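Residue numbers (this note's numbering): 10 to 237.
Shown next as structure tokens:
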């Protein structure tokens with residue numbers, strides 16, 4: 010077995026493990042949706058604090074939101090040293106009221122995202138496509154920020170140039186895992202900062218004519234969200 014074959018096999022194994030991680034997060038988030046299906050009962054009536062009012066405006070069953078997000082991603086273990094700038098427009102739909110007690114108090118929303126990413130370093134000029142998946146918001150009483158965990162899957166298109174260690178065809182699959190915090194600044198507005206990992210590959214559809222080389226990237230994100 011050649012060194013190249015071993016490296017390719019190791020890369021495929023890593024992709025499988027990352028995919029399992031993404032599926033686990035998706036499953037966990039959907040299960041948590043069932044947990045949080047019942048709104049937490051409230052104690053005696055008291056005047057709500059400003060933080061509570063803001064949270065209630067941003068989170069709740071059937072709350073729809075619109076987000077504009079920018080990110081800067083850097084490739085991992087790729088000789089082309091990709092650097093690209095995903096720009097995403099996301100519609101979020103919250104599936105339930107705030108539920109649970111303890112560390113997992115929160116609710117689940119489903120995200121639908123369109124993405125365009127100019128490549129500032131690398132053989133491909135751009136990536137574009139769509140992603141969708143769940144996000145869980147960890148909503149703790151009295152906290153000034155709301156941590157979140159998300160995973161999205163979807164498809165990408167690019168202009169495959171045939172360069173070494175790049176995409177073997179124009180059509181690709183993608184999945185993304187993100188973490189971050191939402192910072193409420195108004196009743197319906199939040200600023201969000203976080204980190205994103207993204208994988209892009211064609212799942213072997215280009216082989217054997219062209220090698221399927223997966224692109225793994227990570228970097229920071231910044232977005233604003235308006236809840237309706």
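Note that CB positions come from ideal geometry on N, CA and C, so glycine has one too. All of these numbers come straight from a predicted model, not from anything done at the bench.
Review point. Taking the alpha-carbon positions, what's the residue 152 to residue 203 distance?
Key: 17 Å
Review point. Residue 188: which of 91, 148, 158 sits nearest, CA to CA?
Key: Among 91, 148, 158, the Cα nearest to that of residue 188 is on 158.
Point to revise | Spatial distance of residue 228 from residue 79 (CA atoms) | key: 11 Å
Check your understanding: Candidates 209, 231, 237, 194: which alpha carbon is nearest residue 85's?
Key -> The option with the nearest alpha carbon to residue 85 is 209.
Exercise for review: Have a look at residue 154 and residue 191 and give me their C-alpha separation to the nearest angstrom.
Suggested key: 6 Å
Point to revise | Which residues DSSP lists as bridging residue 201, in chain order | key: 191, 232
Check your understanding: Relative to the C-alpha of residue 135, which residue among 93, 164, 116 is closest?
Key -> 93
Practice item. Determine the DSSP secondary structure at residue 135, reduced to helix, strand or coil. Key: strand
Review point. Buried or exposed: residue 124, going by 16 or more other Cβ atoms within 10 Å of its Cβ?
Key: Residue 124 should be labelled buried.
Review point. What are the residues that DSSP puts in a beta bridge with residue 127?
Key: 135
Check your understanding: Does the count of Cβ pairs from the segment 177–188 and the segment 64–77 closer than 8 Å reach three?
Key -> no
Practice item. Sort 171, 197, 140, 174 by Cα distance to residue 99 and report the nearest one. Key: 140
Review point. If you draw a straight line from the C-alpha of residue 223 to the C-alpha of residue 176, how long is it?
Key: 7 Å
**Study point:** Residues near residue 178 in its chain [Cβ-Cβ closer than 7 Å; skip 5 each side]
**Key:** 169, 211, 214, 215, 219
Point to revise | Neighbourhood of residue 115 by C-beta distance below 7 Å, restricted to the same chain and skipping five residues each side | key: Only 45, 107, 109, 145, 146, 147, 148 meet the Cβ criterion.
Exercise for review: Compute the distance between the beta-carbons of residue 119 and residue 138, then report whether it is under 8 Å.
Suggested key: Result no, Cβ atoms of residue 119 and residue 138 do not sit closer than 8 Å.
**Study point:** For residue 102, the three-state DSSP class (helix, strand or coil)
**Key:** strand
Practice item. Let me know the secondary structure DSSP gives residue 67 once reduced to three states. Key: When DSSP states are grouped into helix, strand and coil, residue 67 belongs to the helix group.
Practice item. Give me the Cα-Cα distance between residue 226 and residue 180, rounded to the nearest whole angstrom. Key: 18 Å
Check your understanding: residue 124 CB to nearest chain D CB: under 8 Å?
Key -> Among the chains in the structure shown there is no chain D, since it carries only a single protein chain.
Review point. Candidates 156, 230, 197: which alpha carbon is nearest residue 237's?
Key: 197
Review point. Looking only at C-alpha atoms, which of 88, 200, 105, 83 sits nearest to residue 73?
Key: 105
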